[in-house]
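Enquirer: Each residue of the sequence shown is one higher than the last, beginning at 1 in the UniProt record's numbering. All C-beta atoms in this analysis are idealised placements derived from N, C-alpha and C, irrespective of residue type, glycine included. Because the structure is a prediction, the values reported are computed rather than measured. Next up is a structure, given as structure tokens.
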Amino acid sequence: MNHLQNHIDNYLVHCQTQKRLDAKTLKAYRIDLRQFSEQISITESTELTPAVLETYIAKLHQQYAPKTVKRKIASLKAFFHYLEYREIISQNPFNKLQIRFREPVILPKTIPLHSIEILLNTMYEQNHNASSSHKKKTTLRDIAVIELLFATGIRISELCTIPNQNIDLQNNFIIINGKGSKQRLIHICDENVIISLNKYHSEYTNEIHSCGYFFVNNIGKRLSDQSVREMINKYCRTANIQQHITPHMFRHSFATLLLEENVDIRYIQSMLGHSSINVTEIYTHVAMSKQKDILETKHPRKKMNVTNLL
Numbered sequence: 001m002n003h004l005q006n007h008i009d010n011y012l013v014h015c016q017t018q019k020r021l022d023a024k025t026l027k028a029y030r031i032d033l034r035q036f037s038e039q040i041s042i043t044e045s046t047e048l049t050p051a052v053l054e055t056y057i058a059k060l061h062q063q064y065a066p067k068t069v070k071r072k073i074a075s076l077k078a079f080f081h082y083l084e085y086r087e088i089i090s091q092n093p094f095n096k097l098q099i100r101f102r103e104p105v106i107l108p109k110t111i112p113l114h115s116i117e118i119l120l121n122t123m124y125e126q127n128h129n130a131s132s133s134h135k136k137k138t139t140l141r142d143i144a145v146i147e148l149l150f151a152t153g154i155r156i157s158e159l160c161t162i163p164n165q166n167i168d169l170q171n172n173f174i175i176i177n178g179k180g181s182k183q184r185l186i187h188i189c190d191e192n193v194i195i196s197l198n199k200y201h202s203e204y205t206n207e208i209h210s211c212g213y214f215f216v217n218n219i220g221k222r223l224s225d226q227s228v229r230e231m232i233n234k235y236c237r238t239a240n241i242q243q244h245i246t247p248h249m250f251r252h253s254f255a256t257l258l259l260e261e262n263v264d265i266r267y268i269q270s271m272l273g274h275s276s277i278n279v280t281e282i283y284t285h286v287a288m289s290k291q292k293d294i295l296e297t298k299h300p301r302k303k304m305n306v307t308n309l310l
């Protein structure tokens, strides 16, 4: 009998019922722990030694990028902490390990402001020139989705799961159910965004109340992440935007553009729903790369008529 697998199953139930982790985190834990149990060929938790973990982590480094390895190790650490807490193991083997590796800094991809402008103009034109009431209604929903993504920097998963009652269109704010069951409130301050949301809500009132979620698809069900991705691709093709744009890039653009406007990074952290300032600080790297571009192209020295006699 595989007692280790039983402990993994019990841990996943604990994560769902006690820790109240979201579905995506649970799925990642399930995949990571199943992979671990299948590759180590050990059935008893008492046989899990630092040497076993070291060998397994070495294999991970051979198979995956550093970011993925880091996530898989985090899944294991959480599981072993649970085993220790439940007194299933007397000593956590992770306590004997020193795991340090450099993760390359991958700058978040952003959308140039002029591309967002072109995209939105294209969407508004499509709505204005719609050949049928159905197309007009659909493009209105699409506009509300993109406007809200860019206005608030929310994750696509957060946008698609907004309960109807979490958007207050009288006081213009939205309550976001973020990662780890944490809620945050974001104000909607742009008049154009407010107008698009109100018009969308007016057109889709029956579908929204029937579905329970604010954003609905063409058959009255909750709008999916994939539908938003396909929507963006469709309008980018129409607008002849060559860059591949994903929903998450609106979040990156939101944060980076605010940082370039000298908004305190702690406020950006709060709006993005990051639990740690370290996560938000990735956007300072983007701002620094922008600094180089500014100094190369915008510095007034470029415009001076000076004869260099050196």
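Classify residue 186 as helix, strand or coil using the three-state DSSP reduction.
Expert: Here residue 186 sits in strand by DSSP.
Enquirer: I need the DSSP call for residue 177, collapsed to helix, strand or coil.
Expert: Correct three-state label for residue 177: strand.
Enquirer: Note down, in chain order, each residue of its chain lying with its Cβ closer than 8 Å to the Cβ of residue 169, except the 5 sequence neighbours on either side.
Expert: Closer than 8 Å at the Cβ level, and outside the excluded window around residue 169, lie 194, 197, 198, 201.
Enquirer: What separation, rounded to the nearest whole angstrom, lies between the Cα atoms of residue 15 and residue 86?
Expert: Those two C-alpha atoms are separated by around 14 Å.
Enquirer: Starting from the C-beta of residue 92, find all residues in its chain whose C-beta is less than 8 Å away, skip the five residues before and the five after it, and write them out in chain order.
Expert: Around residue 92: 80, 81, 83, 84.
Enquirer: With DSSP as the reference, label residue 66 as helix, strand or coil.
Expert: Helix, per DSSP.
Enquirer: Between 180, 174, 192, which has its C-alpha nearest residue 186's C-alpha?
Expert: Ranking 180, 174, 192 by Cα distance to residue 186 puts 174 first.
Enquirer: Just to confirm before moving on: does the CB-CB distance between residue 165 and residue 176 stay below 8 Å?
Expert: Not a contact, by the Cβ cut-off of 8 Å.
Enquirer: DSSP state of residue 222, grouped into three classes?
Expert: Residue 222 falls in the strand class under three-state DSSP.
Enquirer: Measuring alpha carbon to alpha carbon, tell me which residue in 305, 160, 117 is nearest residue 192.
Expert: Cα-wise, what sits closest to residue 192 is 117.
Enquirer: Measure the Cβ-Cβ separation of residue 154 and residue 228 and say whether it is below 8 Å.
Expert: No, the pair does not count as a contact, with Cβ atoms beyond the cut-off.
Enquirer: Skipping 5 residues on each side, what residues in its chain have a beta carbon closer than 8 Å to that of residue 217?
Expert: Excluding sequence neighbours, residue 217 sits near 223, 224, 227.
Enquirer: For residue 270, which residues in the same chain have their Cβ closer than 8 Å to its Cβ, ignoring the five residues on either side in sequence?
Expert: Contacts found: 184.
Enquirer: What's the call for residue 72, buried or exposed, on a 16-neighbour Cβ count within 10 Å?
Expert: Flag for residue 72 reads buried.
Enquirer: Where does residue 162 fall in DSSP's three states?
Expert: Residue 162: coil per DSSP, three-state reduction.
Enquirer: Measuring alpha carbon to alpha carbon, tell me which residue in 58, 59, 36 is nearest residue 48.
Expert: Among 58, 59, 36, the Cα nearest to that of residue 48 belongs to 36.
Enquirer: Per DSSP, which one or two residues make a beta bridge with residue 216?
Expert: Answer is 222, bridged to residue 216.
Enquirer: Which residues share a DSSP beta bridge with residue 167?
Expert: 174.
Enquirer: Would a C-beta distance cut-off of 8 Å place residue 241 and residue 133 closer than the cut-off?
Expert: Result no, Cβ atoms of residue 241 and residue 133 do not sit closer than 8 Å.
Enquirer: Which of helix, strand or coil does DSSP assign to residue 97?
Expert: Residue 97 falls in the coil class under three-state DSSP.
Enquirer: Taking the alpha helix (DSSP H) that residue 127 falls in, what are its first and last residues?
Expert: Residue 127 -> alpha helix (DSSP H) spans 113 to 128.
Enquirer: Quick test of your reading: residue 119 and residue 239, contact by CB under 8 Å. State the CB separation rounded to the nearest angstrom.
Expert: Right, their Cβ atoms sit about 5 Å apart.
Enquirer: Please report the distance separating the alpha-carbon of residue 375 from that of residue 249.
Expert: Since the first residue shown for the chain is 1 and the last is 310, residue 375 is missing from the structure and cannot be characterised.
Enquirer: Figure out for me which residue from 19, 6, 7 has the closest Cα to the Cα of residue 179.
Expert: Closest by alpha carbon: 19.
Enquirer: Looking at residue 230: is its Cβ nearer than 8 Å to the Cβ of residue 137?
Expert: No, Cβ-Cβ distance for residue 230 and residue 137 is not below 8 Å.
Enquirer: Which residue from 252, 53, 190 puts its Cα closest to that of residue 144?
Expert: The shortest C-alpha separation from residue 144 is found at 190.
Enquirer: Who are the Cβ neighbours of residue 94 in its own chain at under 6 Å, not counting the five residues just before and after it?
Expert: Result list for residue 94: 77, 80, in chain order.
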